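Visitor: For any residue, its number in this note's numbering is found by taking its place in the sequence shown, counting from 1, and adding 104.
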Amino acid sequence: MVENKDNKPEGNNTNTTFEAAIARLEEIVRALESGGAPLDESLSLFEEGVSLVKLCNEKLDAAEQKVKLLTTGPDGTTSEEDFGGADK
Numbered sequence: 105m106v107e108n109k110d111n112k113p114e115g116n117n118t119n120t121t122f123e124a125a126i127a128r129l130e131e132i133v134r135a136l137e138s139g140g141a142p143l144d145e146s147l148s149l150f151e152e153g154v155s156l157v158k159l160c161n162e163k164l165d166a167a168e169q170k171v172k173l174l175t176t177g178p179d180g181t182t183s184e185e186d187f188g189g190a191d192k
């Protein structure tokens, strides 16, 4: 049985860091893949995972906007460069 302890991030907590959300997602995936949780708990874990994915996407979008803002030139044009990361 996997429980969300007080030190674990929840999907609706906007103060959760990206790294903490990813770590919790990994725990949820392991718990769901093990198949040992009852159906109700599995559904709760899945719901939490969906919320965490949404939170991670929001944080990534915000980071992308910040990078674009930081790469805006003095004339207002944005120069996009490949930072070596994978495409969306």
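A virtual CB, placed ideally from N, CA and C, is assigned to each residue, including glycine.
Please read all numbers here as calculations on a predicted model, not as lab measurements.
Below 7 Å CB to CB, which residues in the same chain sit around residue 126 once its five sequence neighbours on both sides are set aside?
Guide: The count along the sequence shown starts at 1 and reaches residue 126 at position 22. Only 160 meet the Cβ criterion.
Visitor: Would you call the segment 129 to 142 and the segment 150 to 168 touching, i.e. three or more CB-CB distances under 8 Å?
Guide: Yes, the segment 129 to 142 is in contact with the segment 150 to 168.
Visitor: Give the range of the alpha helix (DSSP H) segment to which residue 124 is assigned.
Guide: Along the sequence shown, read from residue 1 onward, the residue named residue 124 stands at position 20. Here the alpha helix (DSSP H) through residue 124 covers 122 to 138.
Visitor: Does the separation of the CB atoms of residue 156 and residue 128 fall below 9 Å?
Guide: By 1-based counting over the sequence shown, the position of residue 156 is 52. By 1-based counting over the sequence shown, the position of residue 128 is 24. It is a contact, given that the beta carbons lie within the stated cut-off.
Visitor: Would you mind reading off the limits of the alpha helix (DSSP H) that contains residue 144?
Guide: As a working note, residue 144 is residue 40 in the sequence shown. First-last of the alpha helix (DSSP H) with residue 144: 143 to 174.
Visitor: Tell me whether the beta-carbon of residue 163 lies closer than 9 Å to the beta-carbon of residue 122.
Guide: What you label residue 163 is simply residue 59 of the sequence shown in a count that begins at 1. What you label residue 122 is simply residue 18 of the sequence shown in a count that begins at 1. Yes, these two residues count as a Cβ contact at 9 Å.
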